[in-house]
Amino acid sequence: MSEKLTLVSFDLCPYVQRAAIVLAEKGVPFERVDIDLDNKPEWFLAISPRGKVPLLKVGDDVLFESSAIVEYLDEVHEPRLHPQHPVTRARHRAWMEFGSAILGDIWTIETTTEQKAFDAAAAGLKDKFARIESELGDGPYFAGEAFTIVDAVFAPAFRYFDTFDQIAGLDTFESYPKVRKWREALARRPSVRNAVVPDYDARLRRFLHRKNGLLVRQPAAA
């Protein structure tokens with residue numbers, strides 16, 4: 001494919017990271033254009049049906065929704081990151097949706113000022129990662145040796161905890177050694193490391209303090 005690719009993004013968005021990771025894994029050149037979601041430019045609102053990132057401009061066409069973007073990229077660029085077997089591929093797509101549900105709990109952890117909601121989200125995360133623990137094999141990735149789109153979906157979720165763990169002792173992964181191993185393997189992968197700006201941690205901390213939710217008021221991690 002020869003079309004120019006432009007990824008319209010926001011520096012902290014995990015859905016943008018998914019697309020950036022898949023593009024990097026495939027070695028596809030692209031331009032990245034960051035916008036301010038608190039002050040969305042008119043050109044962006046004109047081409048984004050939901051006013052959200054990511055967008056992928058493919059020549060004159062515009063794709064939206066991260067799942068559609070990564071599926072498109074996997075169809076047109078090698079190497080294929082989805083499994084070949086239809087049932088396995090469908091299961092991977094289901095686990096991608098599971099990863100999106102985890103991001104919902106993370107958003108609550110980041111922003112809520114209500115203790116009941118915070119505790120429910122923290123418990124929900126542990127329950128979800130317990131389910132993933134039972135699904136994982138020997139690793140290092142979700143499906144074993146091969147990096148897949150499921151890995152691209154979960155890597156941005158794990159990245160949050162690099163900061164969360166320094167702020168508060170949530171112990172989300174304490175009982176899940178396979179999940180911890182997976183998280184560590186993803187953190188070492190160049191496509192994952194390079195999917196965010198170098199000062200991502202500082203930007204995330206500023207965001208958390210602006211929200212002033214319960215997370216930043218938790219007892220400091222040991």
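If you read the sequence shown in my numbering, its first letter stands for residue 1, the second for the next number, and so on.
Where is the CB? At the ideal position from N, CA and C, for every residue including glycine.
Because the structure is a prediction, the values reported are computed rather than measured.
For Asp60, which of helix, strand or coil comes out of DSSP?
-> coil
Under 7 Å between C-beta atoms of Leu63 and Val8 | No. Outside cutoff.
Taking all protein chains shown into account, decide if Ala122 is buried (16 or more other Cβ within 10 angstroms of its Cβ) or exposed.
-> Label assigned to Ala122: buried.
Of all the alpha helix (DSSP H) runs that stay within the bounds of the stretch 121-201, which reach a length of 4 or more residues?
-> 149-167, 177-188 and 190-193
Nearest-angstrom Cα separation, counted from Arg188 out to Gln115 = 34 Å
Minimum C-alpha distance to Lys181 - residue among Val216, Glu145, Leu208 and Arg32 | Glu145
From Asp127 to Leu45, what distance separates their C-alpha atoms?
-> 37 Å
Grab me the residues of Glu3's own chain with a C-beta within less than 7 Å of its C-beta, minus the 5 sequence neighbours each way, in chain order.
-> Excluding sequence neighbours, Glu3 sits near Val58 and Gly59.
Length of the line joining the Cα atoms of Ala101 and Ala155 = 14 Å
What does a CB cutoff of less than 6 Å around Leu81 pick up in its chain, not counting 5 residues either side in sequence?
-> Asp74, Thr148 and Ile149
When the Cα atoms are used, what is the spatial distance from Ala24 to Ala185?
-> 16 Å
With which residues is Glu31 paired in a DSSP beta bridge?
-> Bridge pairing for Glu31: Thr6 [DSSP].
Taking C-alpha atoms, which residue in Ala130, Ile109 and Ala195 lies nearest to Lys211?
-> Nearest C-alpha to Lys211: Ile109.
State the Cα-Cα distance for the pair Arg193 and Ser67, rounded to the nearest angstrom.
-> 20 Å
Is Gln17 buried or exposed, if buried means 16 or more other CB atoms sit within 10 Å of its CB?
-> buried
Exposed unless 16 or more other CB atoms sit within 10 angstroms - verdict on His85 | With fewer than 16 other Cβ atoms within 10 Å, it is exposed.
Applying the criterion that 16 or more other CB atoms from any shown protein chain within 10 Å of the CB defines a buried residue, is Ser134 buried or exposed?
-> exposed
Indicate the three-state DSSP secondary structure (helix, strand or coil) for Leu12 in the structure shown.
-> coil
So is Arg206 buried or exposed if we call it buried at 16+ other beta carbons inside 10 Å?
-> exposed
Kindly identify the DSSP beta-bridge partner or partners of Leu45.
-> Leu45 is not bridged to any residue.
Hey, would you say Phe158 sits closer than 7 Å to Arg183, going by beta carbons?
-> Yes, they are a contact pair.
Which stretch, first to last residue, makes up the alpha helix (DSSP H) that contains Glu114?
-> Note, Glu114: premise wrong, no alpha helix (DSSP H); not H, not E.
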